[in-house]
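Trainee: Protein chains in written order, with this note's numbering: chain F, 2 to 117; chain Z, 628 to 838; chain H, 3 to 193.
Structure provided below as structure tokens; questions to follow.
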Amino acid sequence: MTDEFEQALRRALRPQHPGEDFSARIVPRLVSSDMPSTPAARLGPLRLGAFRSRWLPAALAACVIAGIGLVQVRRHALDAARANQARAELLQALSIASDNVNIVRAAIAREESPDS
Amino acid sequence: MEGNPVSLPAAAGNLSDPSAPAGDGAAGPGLLESALARARRGELAAFRELIRAHQDSVYSLALRMLKVPEDAEELAQDVFVSLYRHLGKIASAAHLLFWLRRTVCHRAIDRLRRRPSHVPLPLDGAEELAQPDSSRDPLLERHLRDRVLQLSPLPRAVILLRYQEDLDPPEIAHVLGMPLNTVKSHLKRSLALLRSGCDELREPISAGNPS
Amino acid sequence: MRLRSVILSCALLALPALAAAADPGRLQLPDFSALSKKATQSVDISLDPSLLHLAGGAIGSGGDKADVNDLIKGVRGIYVRSYTFDRPGEYSKADVKAVQAQLLAPGWQAVVSTHDLKQGSDVDIYLRRSGDHTDGLAIIAAEPRQLTIVNIVGAIDLARLAQLQGQFGVPKVGITASAPAKNGSAIAQTH
């Protein structure tokens with residue numbers, strides 16, 4: 002009886018699929034995850050003539066600088082990920098080497114003990 | 628040699644739960660290790676493989692903890708975004724699974740503590756509609772799901788980790804960071820609660836079960 | 003034209019020798035992709051000097067963390083291949099011999115070997131010396147269901163490496179190389 006009940010509970014709690022495009026909905030958040038979110042600015046009506054003459058060059062320069070900044074942010078994020086990866090691998094490699102050295106040391110210690 | 632895929636074995640100790648079963652997807656342990664290594668190097672396609680391998684488990688835990696599909700979707704997405712930021716600290720595929728389960732459970736419990744205690748269950752039965760129609764007793768199973776949703780957050784997490792994720796009590800204790808005896812106590816009480824009121828629904832199973 | 007192609011050919015042929023001369027402590031590890039496919043767990047790590055530098059920076063500094071950086075300060079590369087299988091016989095002696103043959107080259111010396119006849123496992127440690135300094139370490143651990151090869155290029159303190167286990171968040175990995183039992187073990191030969 003208990004087994005049947007628990008089997009029914011397992012069937013009831015089978016994992017459910019979140020939808021075909023679940024991972025696709027996450028990806029845009031990954032790309033922008035290092036970027037601070039900024040509230041959208043509310044723009045008043047534009048006077049194009051004045052905008053062109055006074056603000057357009059500055060706006061273009063700001064876009065270029067922002068673009069370079071985004072590339073730098075992305076590169077730093079990738080560099081950090083690579084460094085973390087290398088760190089994990091280094092510790093893993095040292096641990097494996099350490100394990101094997103200790104196996105040998107244990108064998109030697111056992112052989113050299115007076116009881117052997 | 629440097630171009631070979633990198634994969635790491637499951638790490639013992641407090642970094643991972645080496646006895647955890649493999650992820651949701653059909654990917655075997657070797658493929659998940661490979662995907663993890665490639666994701667750590669920045670390959671987005673590899674990270675999407677990891678998402679696909681674990682999305683069912685993460686989303687279902689979130690849904691059955693938070694009850695509301697929209698909240699569950701948001702939490703599940705948050706967990707994977709957070710995973711992306713913490714990839715460098717994930718030592719193995721088993722560790723990844725442990726990390727996901729622990730993160731989704733803890734964040735769901737935190738959200739529930741901040742939320743009003745009574746949240747009406749969704750009326751459209753979205754979860755039931757999504758289930759494949761192959762269960763032996765859909766009525767009992769729906770009833771069980773509803774009863775699980777009525778448990779308090781911590782016992783609910785324990786039940787989900789036990790019967791959805793198929794973890795043993797020590798593994799559940801490790802994921803939730805609670806004493807083993809507490810896990811066993813939650814399991815015992817929750818199962819008794821779930822079982823009560825199900826007797827009249829369980830009869831058809833007993834009668835119809837050829838085994 | 004002919005002279006140029008001869009010179010080019012000689013240069014290409016000399017490249018491996020030049021590489022070996024530049025990094026004499028480095029082993030040429032075979033392509034183990036076939037073993038990797040059969041393995042239930044596999045480790046494939048290749049850390050060249052630039053990646054080691056990156057890793058050292060990510061480890062941080064101060065306190066115990068300084069010990070790891072201090073341990074690897076003389077290291078120019080770390081290469082690990084480790085494969086765990088469901089059952090014995092998934093790798094061949096030939097796979098190991100391809101590496102062991104390189105350890106017969108001048109400079110390499112087997113410093114300790116353990117052979118467990120009962121368990122069927124061997125662990126051998128080799129050091130490569132140039133004059134009075136060490137420029138390479140190799141470990142070959144061959145068990146019925148696990149093969150592990152470690153090559154550390156440069157100088158590393160074996161005693162400190164042994165003490166590293168379990169510290170600084172270095173996980174105790176599932177290396178199941180069982181310590182040879184007292185009975186039935188051909189004992190360590192220290193050279």
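Note that the Cβ used here is the ideal one computed from N, Cα and C, for glycine as well.
Shorter than 8 Å from the beta carbon of residue 27/F to some beta carbon of chain Z?
Mentor: Counting from 1 along the first sequence, the entry for residue 27/F is found at position 26. Closer than 8 Å to some Cβ of chain Z, the Cβ of residue 27/F qualifies, so yes.
Trainee: Using only CA atoms, which one of 778/Z, 818/Z, 666/Z and 799/Z lies nearest to residue 716/Z?
Mentor: The residue given as residue 716/Z occupies position 89 in the second sequence. Ranking 778/Z, 818/Z, 666/Z and 799/Z by Cα distance to residue 716/Z puts 666/Z first.
Trainee: Out of 778/Z, 732/Z and 775/Z, which has the shortest C-alpha to C-alpha gap to residue 800/Z?
Mentor: Against the second sequence, residue 800/Z aligns to sequence position 173. If we check each option's Cα against that of residue 800/Z, 732/Z comes out closest.
Trainee: Since residue 53/H meets chain F, which of its residues come closer than 7 Å, beta carbon to beta carbon?
Mentor: Against the third sequence, residue 53/H aligns to sequence position 51. Result: 87.
Trainee: Using a Cβ cut-off of 9 Å, pull out every chain F residue sitting near residue 84/H, in sequence order please.
Mentor: Taking the first residue of the third sequence as 1, we reach residue 84/H at position 82. Here the neighbours are 97.
Trainee: With 9 Å as the limit, tell me which residues of the segment 10–22 of chain F have their beta carbon closer than that to any beta carbon of chain Z; keep them in chain order.
Mentor: If the cut-off is 9 Å between Cβ atoms, the segment 10–22 of chain F has 10, 11, 12, 13, 14, 15, 16, 17, 18, 19 and 20 near chain Z.
Trainee: Between the alpha carbons of residue 73/H and residue 99/F, how many angstroms are there, rounded?
Mentor: One-based indexing of the third sequence puts residue 73/H at position 71. One-based indexing of the first sequence puts residue 99/F at position 98. Their backbone Cα atoms lie some 12 Å apart in a straight line.
Trainee: From the DSSP secondary-structure annotation, give me the bridge partner or partners of residue 138/H.
Mentor: Counting from 1 along the third sequence, the entry for residue 138/H is found at position 136. The partner list for residue 138/H (beta bridge, DSSP) reads 130/H and 155/H.
Trainee: I'd like the list of long-range same chain contacts for residue 708/Z, defined as Cβ closer than 6 Å, with 5 residues on each side in sequence excluded.
Mentor: Reading the second sequence from its first residue, position 81 is the one you call residue 708/Z. Nothing meets the Cβ criterion.
Trainee: Threshold first: 4 residues or longer. Then list the alpha helix (DSSP H) segments lying entirely within the segment 775–804 of chain Z, N to C.
Mentor: If we require 4 residues or more, the alpha helix (DSSP H) runs fully inside the segment 775–804 of chain Z come out as 780–790 and 796–803.
Trainee: Assuming contact is defined by CB atoms lying nearer than 8 Å, are residue 114/H and residue 105/F in contact in what I supplied?
Mentor: Position 112 of the third sequence, counting from 1, holds the residue named residue 114/H. Position 104 of the first sequence, counting from 1, holds the residue named residue 105/F. In contact: residue 114/H and residue 105/F (Cβ atoms closer than 8 Å).
Trainee: Tell me the rounded alpha-carbon separation between residue 81/H and residue 104/H.
Mentor: The residue labelled residue 81/H in the question sits at position 79 within the third sequence. The residue labelled residue 104/H in the question sits at position 102 within the third sequence. About 15 Å.
Trainee: Does the beta carbon of residue 114/H sit closer than 8 Å to a beta carbon anywhere in chain F?
Mentor: Looking up residue 114/H in the third sequence gives position 112. For residue 114/H, the answer is yes, since a Cβ of chain F falls inside 8 Å of its Cβ.
Trainee: Distance cutoff 8 Å, beta carbons only. Does residue 690/Z sit that close to anything in chain F?
Mentor: In the second sequence, residue 690/Z corresponds to position 63, counting from 1. Chain F, which has a Cβ nearer than 8 Å to the Cβ of residue 690/Z, makes this yes.
Trainee: From residue 740/Z to residue 702/Z, what distance separates their C-alpha atoms?
Mentor: Taking the first residue of the second sequence as 1, we reach residue 740/Z at position 113. Taking the first residue of the second sequence as 1, we reach residue 702/Z at position 75. Rounded to the nearest angstrom, the two C-alpha atoms are 15 Å apart.
Trainee: In chain order, what residues of the same chain have a beta carbon less than 8 Å from the beta carbon of residue 663/Z, not counting five sequence neighbours either side?
Mentor: As a first step, residue 663/Z is located in the second sequence; it is residue number 36 there, counting from the start. Excluding residues within five positions, the ones whose Cβ falls inside 8 Å are 634, 635, 673, 677, 714, 717, 719, 720 and 723.
Trainee: Going by DSSP in three states, residue 111/F sits in which element: helix, strand or coil?
Mentor: Numbered from 1 along the first sequence, position 110 holds the residue referred to as residue 111/F. Of the three classes helix, strand and coil, the one that applies to residue 111/F here is helix, per DSSP.
Trainee: Could you list which residues in chain Z have their beta carbon closer than 8 Å to that of residue 41/H, in chain order?
Mentor: As a working mapping, residue 41/H is identified with position 39 in the third sequence. Within 8 Å Cβ-Cβ: 657.
Trainee: If you reduce the DSSP assignment to three classes, tell me which class residue 22/F lands in.
Mentor: For the purposes of this step, residue 22/F is identified with residue 21 of the first sequence, where counting begins at 1. Note: residue 22/F maps to coil in three-state DSSP.
Trainee: How about the segment 36–50 of chain H and the segment 66–76 of chain F: do they share at least three Cβ pairs that are nearer than 8 Å?
Mentor: No, the segment 36–50 of chain H is not in contact with the segment 66–76 of chain F.
Trainee: Buried or exposed, going by whether 16 or more other CB atoms sit within 10 Å of the CB of residue 694/Z?
Mentor: Within the second sequence, numbered from 1, the residue matching residue 694/Z stands at position 67. Buried: at least 16 other Cβ atoms inside 10 Å.
Trainee: Under 8 Å between beta-carbons, which chain F residues line up against residue 817/Z? List them in chain order, please.
Mentor: Walking along the second sequence from the start, residue 817/Z turns up at place 190. Within 8 Å Cβ-Cβ: nothing; residue 817/Z doesn't reach chain F, min ~10 Å.
Trainee: Using a Cβ cut-off of 8 Å (strictly closer), state whether residue 136/H contacts chain F.
Mentor: Along the third sequence, one-based indexing puts residue 136/H at 134. Not closer than 8 Å to any Cβ of chain F, the Cβ of residue 136/H fails to qualify, so no.
Trainee: Taking the Cβ atom as the reference point for each residue, do residue 9/F and residue 700/Z lie within a distance shorter than 8 Å?
Mentor: Sequence index remark: in the first sequence, residue 9/F carries index 8 (1-based). Sequence index remark: in the second sequence, residue 700/Z carries index 73 (1-based). No, the pair does not count as a contact, with Cβ atoms beyond the cut-off.
Trainee: Just how far apart, CA to CA, sit residue 146/H and residue 119/H?
Mentor: Numbered from its first residue, the third sequence carries residue 146/H at position 144. Numbered from its first residue, the third sequence carries residue 119/H at position 117. Looking at the two C-alpha atoms, the distance is approximately 11 Å.
Trainee: Buried or exposed: which applies to residue 802/Z, given that a residue is buried once 16 or more other Cβ atoms fall within 10 Å of its Cβ?
Mentor: Along the second sequence, one-based indexing puts residue 802/Z at 175. Under this definition residue 802/Z is a buried residue.
Trainee: Considering only their Cβ atoms, is the gap separating residue 162/H from residue 27/H smaller than 8 Å?
Mentor: Sequence index remark: in the third sequence, residue 27/H carries index 25 (1-based). Sequence index remark: in the third sequence, residue 162/H carries index 160 (1-based). The answer is no: Cβ separation not under 8 Å.
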